[in-house]
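There are 2 protein chains.
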Amino acid sequence: MGKQKKRSNKLRTMSKTFSTQYRVMYHNVDLSGQLSVPSLGDYILDTAGLHATQLGISMQHLATMDMTWVMSGLHFEIGNLPMINSTVEVRTQISGCSKISSKRDFIISCNGDKVAEASTEWLIINTKTRRPIFLTEVFPQIEELIMPDSGIPRYRHLRFRPSAESTPIKNYTVEYSDIDINTHLYSMRYLEMSLNSLGLQYIKDKRISRIDANFMQEVLYGGQVAIFAEPDGSNADQIEMQESGKAMFRARIETEPRTQLL
Amino acid sequence: MGKQKKRSNKLRTMSKTFSTQYRVMYHNVDLSGQLSVPSLGDYILDTAGLHATQLGISMQHLATMDMTWVMSGLHFEIGNLPMINSTVEVRTQISGCSKISSKRDFIISCNGDKVAEASTEWLIINTKTRRPIFLTEVFPQIEELIMPDSGIPRYRHLRFRPSAESTPIKNYTVEYSDIDINTHLYSMRYLEMSLNSLGLQYIKDKRISRIDANFMQEVLYGGQVAIFAEPDGSNADQIEMQESGKAMFRARIETEPRTQLL
Chain A
1 MGKQKKRSNK LRTMSKTFST QYRVMYHNVD LSGQLSVPSL GDYILDTAGL
51 HATQLGISMQ HLATMDMTWV MSGLHFEIGN LPMINSTVEV RTQISGCSKI
101 SSKRDFIISC NGDKVAEAST EWLIINTKTR RPIFLTEVFP QIEELIMPDS
151 GIPRYRHLRF RPSAESTPIK NYTVEYSDID INTHLYSMRY LEMSLNSLGL
201 QYIKDKRISR IDANFMQEVL YGGQVAIFAE PDGSNADQIE MQESGKAMFR
251 ARIETEPRTQ LL
Chain B
263 MGKQKKRSNK LRTMSKTFST QYRVMYHNVD LSGQLSVPSL GDYILDTAGL
313 HATQLGISMQ HLATMDMTWV MSGLHFEIGN LPMINSTVEV RTQISGCSKI
363 SSKRDFIISC NGDKVAEAST EWLIINTKTR RPIFLTEVFP QIEELIMPDS
413 GIPRYRHLRF RPSAESTPIK NYTVEYSDID INTHLYSMRY LEMSLNSLGL
463 QYIKDKRISR IDANFMQEVL YGGQVAIFAE PDGSNADQIE MQESGKAMFR
513 ARIETEPRTQ LL
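Chains A and B, in that order, give the protein sequences.
Terminal number for the first sequence in the working numbering: 262, no gaps in between.
Terminal number for the second sequence in the working numbering: 524, no gaps in between.
Shown next, in the form of structure tokens:
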């Protein structure tokens with residue numbers, strides 16, 4: 001039996017799609033009593049980690065080679081979010097890859113009804129140089145694991161820049177609780193900090209329906225960031241997080257009026 | 263069959279002890295790859311909520327009467343915290359009550375080994391007046407649900423005040439992501455903010471072995487707090503969070519040197 005055949009046998013035991021469930025816990029909801037968008041993000045990142053583990057490409061395994069996964073882009077389409085103690089199912093698959101990135105999609109449902117869809121783009125970086133690595137060198141089997149495209153759109157590249165005269169809405173220094181196992185700002189904290197900059201009244205008045213996010217540079221412990229926000233038309237806001245004047249993160253958050261005010 | 267008998271029958275179907283499990287997820291660990299202390303706190307609060315629901319005294323039920331549970335004190339004894347993807351069991355019981363407060367204890371284990379113990383004190387407040395309510399009026403059956411004392415110590419009342427000349431280590435304005443379904447600063451965020459004020463090197467050098475926390479006043483959205491920290495002997499630090507000069511929260515954090523540096 002040739003090497004190729006052996007690998008194919010091994011791959012057959014791996015599942016190209018993966019799903020798991022989460023109960024919406026007390027600390028996963030915001031003042032509305034509904035799952036918060038950053039907690040929904042926690043779930044999809046955790047699901048991605050479990051699937052990667054099953055595929056033999058977990059972050060723990062990459063760490064032994066001084067490598068790790070980082071998310072470079074995120075797209076969210078969000079319906080009505082479930083209430084506390086609901087059970088949420090997250091289903092994921094890899095839907096595409098290039099030399100240095102892979103696209104992973106998610107469908108999130110509750111009692112059979114779709115709650116949200118997401119697509120994410122991932123790189124593998126060297127944790128010493130912090131530079132991307134050719135994906136197919138570390139993970140040659142990825143091409144055999146790609147599912148047909150789910151139709152969930154890829155994140156938009158955001159080219160927004162705050163106008164020259166604008167001042168930051170918030171200045172913030174990255175703290176212990178903001179960083180993750182990769183010792184950089186946790187991806188869902190970028191999103192939380194973006195929502196924080198829009199303020200509580202924004203959350204009370206509006207339902208977040210769509211997010212595009214670009215994770216452009218790592219922010220490390222102690223990093224001093226400035227957050228800029230400007231409306232983009234009547235139903236969207238654009239956020240940029242800068243460190244020393246350099247764009248580290250951008251998001252575009254689209255909303256609808258809430259039907260029931262909080 | 264008298265009312266008393268009916269109630270006793272109902273109570274027999276309730277469980278005086280309750281346990282549930284949590285898988286340590288990606289966002290539950292800190293840079294060490296181990297469960298963070300605030301995430302351990304998330305677990306025990308969630309377990310308390312599930313047990314209260316089983317006993318018919320959930321926060322959701324109290325909300326229909328303009329009431330809610332609030333935590334007034336916390337004591338933690340912490341061993342070696344489990345790694346990412348471990349499964350943690352949390353077991354809880356009510357161990358005592360007074361006119362306005364109840365004591366709830368927790369034992370946290372992983373693969374049969376004890377990870378931590380905790381005791382908490384809870385009040386029921388009126389959400390309009392924000393004042394405590396006589397517990398036995400809302401929850402007369404509580405006396406029948408109390409288990410023999412577990413021996414887990416009650417939290418210490420902390421009387422630490424920062425010295426007159428000391429300046430805050432951090433000033434912070436409470437944001438959207440800091441508040442919970444009760445629209446006040448989430449109890450574990452007080453703890454996170456305390457650890458943040460001690461800084462990353464503290465976390466790298468030390469293992470947190472014991473915490474006492476006093477939740478004295480609610481902090482609301484937009485609240486501007488100042489955090490003071492001073493050593494208490496060689497292996498403990500005292501934290502006070504103030505708003506407009508008034509003590510809102512105090513914690514005493516006891517540590518041991520880490521055996522394996524991060």
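Glycine included, C-beta positions come from ideal geometry on N, C-alpha and C.
Note that the structure is predicted; figures quoted are calculated from it, not measured.
On the CB-based measure, 16 or more other CB atoms within 10 Å of its CB, does residue i come out buried or exposed?
i, result
"A/M193", "buried"
"A/S234", "exposed"
"A/S163", "exposed"
"A/L185", "buried"
"B/G264", "Here the model assigns B/G264 a pLDDT of 48, short of 50, so the residue's position is not dependable, and the following value carries that caveat. With fewer than 16 Cβ atoms within 10 Å of its Cβ, B/G264 is classed as exposed."
"B/A513", "buried"
"B/P344", "buried"
"A/S197", "buried"
"A/E175", "buried"
"B/S371", "buried"
"B/D367", "buried"
"B/T330", "buried"
Please report the Cβ distance between residue i and residue j, rounded to the nearest whole angstrom; I am assuming they are in contact, meaning their Cβ atoms lie under 8 Å.
i, j, result
"A/M59", "A/Q93", "So it is not a contact: roughly 19 Å between Cβ atoms."
"A/R210", "A/E254", "4 Å"
"B/G335", "B/E379", "Not really, about 15 Å apart at Cβ, beyond 8 Å."
"B/S428", "B/E492", "7 Å"
"B/T282", "B/L312", "6 Å"
"A/V90", "A/Y22", "7 Å"
"A/L200", "A/S32", "Actually they do not touch by this definition, with Cβ atoms about 11 Å apart."
"B/Q316", "B/F338", "Not confirmed; about 24 Å, so no contact."
"B/I387", "B/R393", "6 Å"
"A/P257", "A/D205", "7 Å"
"A/Q224", "A/T183", "Between A/T183 and A/Q224 the Cβ distance is about 17 Å, and since that is not below 8 Å, they are no contact."
"B/L457", "B/I465", "7 Å"
Specify the secondary structure class of residue i as computed by DSSP and reduced to three states.
i, result
"B/R451", "helix"
"B/L523", "coil"
"A/Y221", "coil"
"B/I362", "coil"
"B/Y434", "strand"
"A/S182", "Correcting the residue type first, residue 182 of chain A is Asn in the shown sequence and not Ser. The answer is coil: DSSP assigns A/N182 none of H, G, I, E or B."
"A/Y155", "coil"
"A/E144", "helix"
"B/D411", "coil"
"B/K466", "helix"
"A/L55", "coil"
"B/G525", "Because residue 525 of chain B is not part of the residues shown, which for chain B are 263 to 524, the question remains open."
If you draw a straight line from the alpha carbon of residue i to that of residue j, how long is it in whole angstroms?
i, j, result
"B/I369", "A/T129", "43 Å"
"A/L135", "B/D292", "26 Å"
"B/I489", "A/K99", "48 Å"
"B/V481", "B/L420", "18 Å"
"A/T259", "A/R207", "8 Å"
"A/S187", "B/A509", "33 Å"
"B/D474", "B/Y417", "5 Å"
"B/S364", "B/D440", "25 Å"
"B/R274", "B/S412", "In this predicted model, B/R274 has a pLDDT of only 49, less than 50, meaning its place in the structure is not dependable; the value taken from the coordinates is given anyway. Taking the straight line from one Cα to the other gives about 21 Å."
"A/V37", "B/I501", "31 Å"
"B/M287", "A/D46", "6 Å"
"A/D66", "A/V138", "12 Å"
"B/K432", "A/K170", "15 Å"
"A/G112", "B/D304", "27 Å"
What in chain D is Cβ-close to residue i, meaning under 9 Å?
i, result
"B/T354", "Among the protein chains in the structure shown, which are A and B, there is no chain D."
> Relative to chain A, which residues along the region 425-441 of chain B have a C-beta separation below 7 Å, given in chain order?
Replying inline: E437, Y438, S439 and I441
> Just by C-beta distance, which residues in the region 20-31 of chain A are closer than 8 Å to chain B?
Replying inline: M25, Y26, H27, V29, D30 and L31
>> At a CB distance below 8 Å, what residues from the region 324-347 of chain B approach chain A? Give them in sequence order.
In response: I346 and N347
> Got a sec: which bits of the region 49-62 of chain A sit with their beta carbon under 7 Å from any beta carbon on chain B, in order along the chain?
Replying inline: G49
> Looking at chain B, which residues of the region 214-237 of chain A have a Cβ within less than 7 Å of any of its Cβ atoms?
Replying inline: Y221
>> What are the residues in the region 389-413 of chain B lying within 8 Å of chain A by C-beta distance?
In response: none
> Which residues, taken in chain order from the region 454-471 of chain B, show a beta carbon closer than 9 Å to some beta carbon of chain A?
Replying inline: E454, M455, L457, N458, S459, L460, G461, L462, Y464 and I465
> Just by C-beta distance, which residues in the region 241-259 of chain A are closer than 8 Å to chain B?
Replying inline: none
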